Every structure is written in structure tokens, then in C-alpha cells.
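This report concerns only the one structure given below.
Numbering (the working numbering), first residue to last: 34 to 250.
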């Protein structure tokens, strides 16, 4: 069985004109990184713009994307960000170098419980960090951000399951979006449906499956 792509993975150039406009839009920045433009707010989810997604520098975990060179100046090209939403603290969802580049460009960071410890160690102002629990919500002007339960885990090197993980719902006057990264099916899907349906769009990661990961992916 092939465990790596046989051919180069195709990709499109980022439309920065769309990202910088006042028109509602969403742009995939590869893997789990998205930028949403809604109600004149810029919301960045799980930004990871590093080419090496590894906890240690001597182990190289490279991206498959053929566009990895764009990460070198991606942060400079992005507009000022109103909110960064983090789903959990795995290295492919929370990146130290990316946070350092972004920290002065972001108004506020919204993170699961205890993930703020990572950000404070990385010299991000504690006044710019809000930590939330499952089923809590917060208003970003006209936009309601809601945390939902998820089935996954947290881990950074020797620190396992000491922080929370979650999924996001972004709701404003026009739309209601559901965002689910790194998950496995469980009864809370039905609870989320009953509480927050209908959704205008859902963003659900898929295909990171292995029998050894059956309870988390």
C-alpha cells in the first residue's frame, strides 16, 4: 500500500484580493488552516505556515504541498486578523514559529482550556488570549463563536491530554458554519445537530484514518 502520494498534489494560488476584500469568503490555506472573512472580520483557524511540522528540529516532517515556498512570506501578505481560533495543540494545528510571526498582527486568540499556557510561553500578551470550555460561546461583534465537544486528544512532546480540544461553530446574520478537525464519530454529533442545526456549510476533515487510531481519527 502506498503511504505517500504517487504524483504531485495540485494546488491553486491564494486569492489575496478576495481575502483582503470586505466580501464574505473562506480560503483554505492547506491542511487545517483556513481564513474566514465574515461581517468585515478576518478569522484565522489553526494557522500552521511552517514547512517542518515536527516537535524536534532534527526530525523533518515535510509537507506534500508543492506550494510550500509561499509560507515564507504568507503572514506578511495576510491582512490584520481579528481572531485566531485554535482547535487543539497538536503540532500540525498549533505551530510555535507561526504564532511568533502572527502575534503582533492578531487582535485576539481564542483557545481551548489550558492552551493559553503555550501562547504565554511564546510571549503573546495574556490580555489577547481567551480560553473557553466545551459548549461555551463568545461574541466577536456580530459573530457568535461557539465551542462544541469533540472526540480527539491533545499532545505536545512529553505533555499529553493536559489541554482541551474542540470543534467550532461560527454563526452570524447570513450563515452558520460548522468546523470539525481531527475527529471520530461518536454520539455528540447528534447532540450538536440537535442544538445548532441548520448549518449552511460544514468543514470536516477526512481520511486521516488508521485502525490504530480508530478512537481519535
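The C-beta atom is built at its ideal place from N, Cα and C for all residues, glycine as well. Please read these numbers as outputs of a predicted model, since none were measured by experiment.
Range covered by the beta strand (DSSP E) that runs through residue i
i	result
residue 170	170 to 173
residue 178	176 to 181
residue 117	116 to 118
residue 144	142 to 145
residue 235	234 to 237
residue 204	200 to 204
residue 60	58 to 61
residue 212	209 to 213
Opening and closing residue of the alpha helix (DSSP H) in which residue i lies
i	result
residue 226	221 to 229
residue 129	129 to 135
residue 71	From DSSP, residue 71 is part of no alpha helix (DSSP H) but of the beta strand (DSSP E) over 67 to 71.
residue 152	149 to 154
residue 53	49 to 53
residue 75	Residue 75 -> not in any alpha helix (DSSP H); beta strand (DSSP E) instead, spanning 74 to 78.
residue 165	First-last for residue 165: 162 to 165, but that is the beta strand (DSSP E), not the alpha helix (DSSP H).
residue 41	Looking at the DSSP string, residue 41 is not in any alpha helix (DSSP H), and its letter there is neither H nor E.
residue 110	107 to 110
Residue i burial status per 10 Å Cβ neighbour count (16 or more: buried)
i	result
residue 114	buried
residue 199	buried
residue 202	buried
residue 196	buried
residue 82	buried
residue 215	buried
residue 228	exposed
Same chain, Cβ closer than 6 Å to residue i, neighbours up to 5 away in sequence not counted
i	result
residue 162	142, 149 and 152
residue 80	66 and 131
residue 204	177
residue 49	110
residue 164	144, 146 and 149
residue 55	73
Close-in-space but distant-in-sequence residues of the same chain around residue i (CB under 8 Å, 5 per side omitted)
i	result
residue 52	58, 60, 68, 70, 75, 111 and 112
residue 169	179 and 180
residue 140	113, 114, 115, 116 and 161
residue 182	167, 168, 199, 200, 221, 224 and 225
residue 231	209
residue 104	82, 83 and 84
Presumed contact (8 Å Cβ cut-off) between residue i and residue j, rounded CB distance
i	j	result
residue 209	residue 224	The pair is not a contact, with the Cβ atoms about 16 Å apart (cut-off 8 Å).
residue 122	residue 189	5 Å
residue 84	residue 73	Not confirmed; about 32 Å, so no contact.
residue 108	residue 138	7 Å
residue 236	residue 212	5 Å
residue 125	residue 86	5 Å
Contact test: residue i Cβ vs the ligand FAD heavy atom, cutoff 7 Å
i	result
residue 182	With respect to the ligand FAD, the structure offers nothing, as it holds no ligand at all.
With three or more beta-carbon pairs closer than 8 Å as the criterion, would you say the segment 36 to 54 touches the segment 173 to 183? no
Is the segment 141 to 152 touching the segment 120 to 130, taking contact as three or more C-beta pairs under 8 Å? yes
Check whether the segment 138 to 149 touches the segment 117 to 124, counting contact only when three or more Cβ pairs, one atom from each stretch, lie closer than 8 Å. yes
Closer than 8 Å is the cut-off here; do at least three beta carbon pairs connect the segment 77 to 91 with the segment 154 to 161? no
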